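*Asks:*
There are 2 protein chains.
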Amino acid sequence: MPHNHEELLKHVSADMPSDELLQDLGDLFKVFGDTTRIKIMYALYEDEMCVCAIADLLKMTQSAISHQLKVLKAANLVASRREGKTIYYRLADEHVKSIIGQGYEHITE
Amino acid sequence: MPHNHEELLKHVSADMPSDELLQDLGDLFKVFGDTTRIKIMYALYEDEMCVCAIADLLKMTQSAISHQLKVLKAANLVASRREGKTIYYRLADEHVKSIIGQGYEHITE
DNA sequence: TCAACATATGAACGATTGCTCATATGTTCA
DNA sequence: TGAACATATGAGCAATCGTTCATATGTTGA
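So the sequences go chain by chain: A and B. What the first sequence shows, in the numbering used here, is residues 76 to 184, in sequence order. What the second sequence shows, in the numbering used here, is residues 76 to 184, in sequence order.
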């Protein structure tokens, strides 16, 4: 007979967040899971930037950057403001820095 | 003439980590970017668990869990020990909890 | 109002990902 | 040693992802 985990499972599943929240968590981290988006967030670490400056910095097309900014914005990781023709993006809150910071610590150990 | 960001770019790119590190960061977060793996990490939050207990808990096949544990282990997010036929997995370090914790805070605001 | 600029968006395509299925490896006990 | 159990692994397939290309939207100044 395969071994029995009934007790353990009862305990652990009681402490598990809802499937919906776990799905949202995965979706959030998926946004961090791409080098281009990580670079964009790092670029915005200190100051806001317009789309074409980010494109110049990363040597990528304006379109590619724009698509990724949309993803970042949908996840509430960046915010933007318009100034004439230009749109400036900035990090939306401190979580971005602390999440990246923790990741940084993990890989540089 | 499109507008000029030379000064800004010089400053920002000086503060950017290496491409290799940014790639590693993206790869790390990619591992967090899947609901199954998030669930596994949550299951291990309090205590170690064997593979079949995790499979039972998540109602998934042993094979699927085993594949994902391999990904988690390659990223140094979980560690394992053998006890007879059974292999117990546990979280590898505190970064897992703090990264998930920061993500949790971000989405529950 | 129209040309130039800045950004956004939709379709399409190649690459990556997560699961399943079949099977292999490793361990215990009779 | 061989049957039963626990886990790992490789191939294959559908689904998702990130980019490009073409084009649309929005803003300014002449």
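Here a beta-carbon is modelled for each residue, glycine too, at the ideal position from N, C-alpha and C. For clarity, every value in this text was computed on a predicted model and none was experimentally measured.
#1: For the alpha helix (DSSP H) holding Thr111 (chain B), just list the boundary residues, first then last.
#2: I need the straight-line Cα distance from Ile175 (chain A) to Ser155 (chain A), nearest angstrom please.
#3: Which residues of chain B have a Cβ atom closer than 7 Å to the Cβ of His80 (chain A), listed in chain order?
#4: In chain A, what lies closer than 8 Å to Gln177 (chain B) by C-beta?
#5: Can you round the beta-carbon distance between Gln143 (chain B) and Thr111 (chain B) to whole angstroms, since I take them to be within the 8 Å contact cut?
#6: Are the C-beta atoms of Tyr164 (chain B) and some chain A residue less than 7 Å apart?
#7: Taking only beta-carbon atoms, is Thr110 (chain B) less than 7 Å away from chain A?
#8: Cα separation between Gly159 (chain B) and Lys148 (chain A)?
#9: Is Leu132 (chain A) near Ala118 (chain A), with beta carbons less than 7 Å apart?
#10: How is the alpha helix (DSSP H) around Ser141 (chain B) delimited, first residue to last?
#11: Touching or not, the stretch 119 to 130 of chain A and the stretch 76 to 86 of chain B, by the rule of three or more beta carbon pairs under 8 Å?
#12: So the alpha helix (DSSP H) Ser155 (chain A) belongs to, where does it begin and stop?
#13: Please compile the residues from chain A whose C-beta is within a distance smaller than 7 Å of the C-beta of His181 (chain B).
#14: Whose C-alpha, out of A:Met135, A:Ser173, A:Thr183, A:Ile129, is nearest the C-alpha of Tyr164 (chain A)?
#15: Do Gly101 (chain B) and Gly108 (chain A) come within 7 Å of each other at the CB atom, strictly closer than that value?
#16: If you draw a straight line from the C-alpha of His181 (chain A) to the C-alpha of His170 (chain B), how long is it?
*Replies:* Let's see:
#1: 110 to 118
#2: 20 Å
#3: Ala128, Asp131
#4: His170, Ser173, Ile174, Gln177
#5: 5 Å
#6: no
#7: yes
#8: 49 Å
#9: yes
#10: 137 to 149
#11: yes
#12: Note, Ser155 (chain A): premise wrong, no alpha helix (DSSP H); beta strand (DSSP E) at 153 to 158.
#13: Leu103, His170
#14: A:Ile129
#15: yes
#16: 6 Å
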